[in-house]
Structure formats: structure tokens, C-alpha cells
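For the sequence shown, the working numbering gives the first residue as 614, with consecutive numbering after it.
Notes to accompany the following structure.
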Amino acid sequence: MPGSQFTLNELRTVLREAAGTDEGVDLDGDIIDTPFDDLGYESLALLETAGRIERDHGISLDEEALVEAQTPRALIDLVNSHLAAA
């Protein structure tokens, strides 16, 4: 789906499917600016999530930029910038 917008709801789905959820974490809440560490996602889980996003959208995300994207908002913005360039 190159050219489409990546949304918070789509990120929630990918996080659940690729990395699962920690008990007590409500991904349906207001998580847009919550650090991934606070949501229970460490770097390995985020790499799995990023790999899934790359495959689903036909983009390649820079590993360094992924490390810097520490919140859902930052990751969504990163993905959407790549989608806009595709």
C-alpha cells in the first residue's frame, strides 16, 4: 500500500500482532506520546514491529531513525515520511 497514511490504529494492530502486549498496558488508551519503554516494548520488539511495517508498506526504515523514534507519534511520523517519499 505505498502512498497510504500509517495511523495509530494500524500501529496498535502491528504492535499486538508482531510483539504482543504487556499485562496492564492499554494500547487503546491515549498512547500517542507514551515512550515505547513505558508501554513494555524493548528494542527487539520494535525491530520486529518495524520489519512488519516495512513488509506491509513496501518501505525501508533506517535503523538509526527507528532508535530515535521512541514514541508511537515519532514512529508514525517516520513511517508516513517514508510513505510520502515512495
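Every residue gets a Cβ at the ideal spot worked out from N, C-alpha and C, and that includes glycine.
A straight line joining the alpha-carbon of F649 with that of D669 spans about 21 Å. A distance below 7 Å between beta-carbons, with the five flanking residues on each side excluded, links L621 to the following residues of its chain, in chain order: I645, P685, I689. Straight-line measurement puts the Cα of S694 at about 11 Å from the Cα of S617.
For the alpha helix (DSSP H) assignment, the uninterrupted runs of no fewer than 4 residues enclosed by the stretch 616-659 are, from N- to C-terminal side, 621-632. About 6 Å separates the beta carbon of S673 from that of E667, a gap short enough to meet the 8 Å contact definition. Pairing E661 with A687 gives a Cβ-Cβ distance that is not under 7 Å.
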